[in-house]
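Chemist:
Residue numbers (the numbering used here): 20 to 357.
1) Taking the straight line between their C-alpha atoms, what separation do you get for residue 347 and residue 341?
2) On the premise that residue 257 lies in contact with residue 227, defined as a C-beta separation below 8 Å, what is that separation, rounded to the nearest angstrom?
3) What are the boundary residues of the alpha helix (DSSP H) that residue 176 is part of?
4) Rank 99, 176, 230 by C-alpha distance to the C-alpha of residue 142 and give the top, closest one.
5) In the structure shown, what three-state DSSP assignment does residue 260 receive?
6) Along the chain, which unbroken stretches of the beta strand (DSSP E) at least 3 residues long are found entirely within the segment 118–166?
7) Which term fits residue 27, buried or exposed, when burial requires 16 or more other beta carbons within 10 angstroms of its beta carbon?
8) Mind checking whether residue 359 and residue 270 have CB atoms under 8 Å apart?
9) Consult DSSP for residue 349 and reduce its assignment to one of helix, strand or coil.
10) Give the DSSP bridge partners of residue 300, in chain order.
11) Within 10 Å of its beta-carbon, does residue 260 have 16 or more other beta-carbons around it, so buried, or fewer, so exposed?
12) When you compare only the Cα positions, how much space is there between residue 354 and residue 217?
13) With distance defined between alpha-carbon atoms, name the residue in 33, 175, 235, 162 nearest to residue 262.
14) Going by other Cβ atoms of all chains shown within 10 Å of its Cβ, with 16 needed for buried, is residue 207 buried or exposed?
15) Which of the three DSSP states, helix, strand or coil, is assigned to residue 354?
16) In three-state DSSP terms, what is residue 60?
17) What is the rounded straight-line gap between the Cα of residue 308 and the Cα of residue 328?
18) For residue 34, count the other beta carbons within 10 Å of its own beta carbon; 16 or more makes it buried, fewer makes it exposed. Which is it?
19) Looking at C-alpha atoms only, which residue of 192, 250, 339, 236 is the closest neighbour of residue 223?
20) Could you check what DSSP says for residue 115 in three-state terms: helix, strand or coil?
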């Protein structure tokens, strides 16, 4: 029964993604999507997609090297490029497996604690999540988005407020602000147990300055992600203002974070179409057979496939160089501190 439930848990996000795509393709039939795809200037689109991937790959690897070096084990940008590329490839199938593979590389090659390395990666993930939330919050005050009767902008503001309060609680716990504020020794055995785990050592030692520093390291990557659609849509002879891109895409990305589909697959396409269909224009619409929904659906599909392709390709390129580090030996058990 446990194995059956585990399989359902694994398959459910893919089922949800499939249902969303069925809905989208029913609304915008495949032949209409294909007609929109014919409008793309393929070579500039591929060149830009590759340039985008390289930028993200560099900023991501650079900031990871900084964090891992500070909280886990010294590592250079050159050393992390290969295993990071392989982790991208594995993440296409399972995000958690991709992250674990990078931690395992550090364990085997740098003699690092597996769980301490995993904790450093978790630290980065939380910073990334709050960047997405902050950008979406700013966007929600700049534009009014609705989906049917739902005021999306208001919903984002409430969601963001909840998470920002969560960050305050998070910092109070790890930095022990309450004890310092009241000049009292607040002691709980369960809190000491959590702080003593290798998985949470990064949070235990990170100062507010470390949070800010890492956030600044990750900012260029997030700005590139958010603004990436602005040049991409031009490859379809279409245009969306930079203002609309910078205020709307963060909300699309926030929706993609909700774990109902793998990596936001399907939900990203639906949100992109819904929120940008009234904001796109350009010569491509001189063709009366093309609609904004068609172009946006084709663009989001092609953009997703391009990113997946370059992630998979980078993994294949580096796999032989790091394959000894990703052997089929069993990863450390959950109950051990390695």
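Virtual Cβ for every residue (Gly too), placed ideally from N, Cα, C.
Modeler: In terms of the structure at hand:
1) Counting from 1 along the chain shown, the entry for residue 347 is found at position 328. Counting from 1 along the chain shown, the entry for residue 341 is found at position 322. Below a pLDDT of 50, predicted positions are generally treated as unreliable, and residue 347, at 45, falls in that range; the measurement from the model is reported next regardless. Inter-residue distance for residue 347 and residue 341 is about 13 Å (C-alpha atoms, whole angstroms).
2) As a first step, residue 227 is located in the chain shown; it is residue number 208 there, counting from the start. As a first step, residue 257 is located in the chain shown; it is residue number 238 there, counting from the start. Not quite, the Cβ-Cβ distance comes to about 43 Å (not below 8 Å), so this is no contact.
3) Reading the chain shown from its first residue, position 157 is the one you call residue 176. From DSSP, the alpha helix (DSSP H) with residue 176 extends over 171–194.
4) Residue numbering aside, residue 142 sits at position 123 when the chain shown is read from its first letter. Looking at the Cα atoms, 230 is the closest of the given residues.
5) On the chain shown, position 241 is the one that residue 260 refers to. Residue 260 falls in the coil class under three-state DSSP.
6) Whole beta strand (DSSP E) segments, 3+ residues: zero.
7) Counting from 1 along the chain shown, the entry for residue 27 is found at position 8. Counting of Cβ neighbours within 10 angstroms places residue 27 among the exposed residues, the total staying below 16.
8) What is shown of the chain runs 20 to 357, which leaves residue 359 out entirely.
9) Against the chain shown, residue 349 aligns to sequence position 330. Low confidence applies to residue 349: its pLDDT is 45, below 50, so where it sits in the model is not reliable, and the reading given next is rough at best. Reduced to three states, the DSSP call for residue 349 is coil.
10) Position 281 of the chain shown, counting from 1, holds the residue named residue 300. According to DSSP, residue pairing for residue 300 in a beta bridge involves 258.
11) Against the chain shown, residue 260 aligns to sequence position 241. That one is exposed.
12) Counting from one through the chain shown, the residue named residue 354 turns up at place 335. Counting from one through the chain shown, the residue named residue 217 turns up at place 198. At residue 354, the pLDDT of 44 sits below 50, so the modelled position is not reliable and the matter cannot be decided from this model.
13) Counting from 1 along the chain shown, the entry for residue 262 is found at position 243. Per the Cα distances, 162.
14) As a working mapping, residue 207 is identified with position 188 in the chain shown. Exposed.
15) Translated into the one-based positions of the chain shown, residue 354 becomes position 335. Low per-residue confidence applies at residue 354: pLDDT is 44, beneath 50, and the placement is therefore not dependable, though the value from the model is reported in the following sentence. Coil at residue 354, not helix or strand.
16) Here residue 60 refers to the residue found at position 41 of the chain shown. Residue state, collapsed to three classes: coil.
17) Looking up residue 308 in the chain shown gives position 289. Looking up residue 328 in the chain shown gives position 309. Distance between the alpha carbons of residue 308 and residue 328 is about 30 Å.
18) Stepping through the chain shown from its first residue, residue 34 is reached at position 15. Around the beta-carbon of residue 34, fewer than 16 other beta-carbon atoms lie within 10 Å, marking it exposed.
19) Position 204 of the chain shown, counting from 1, holds the residue named residue 223. A check of alpha carbon separations from residue 223 across 192, 250, 339, 236 identifies 192 as the nearest.
20) Residue numbering aside, residue 115 sits at position 96 when the chain shown is read from its first letter. DSSP places residue 115 in the helix class (H, G or I) of the three-state scheme.
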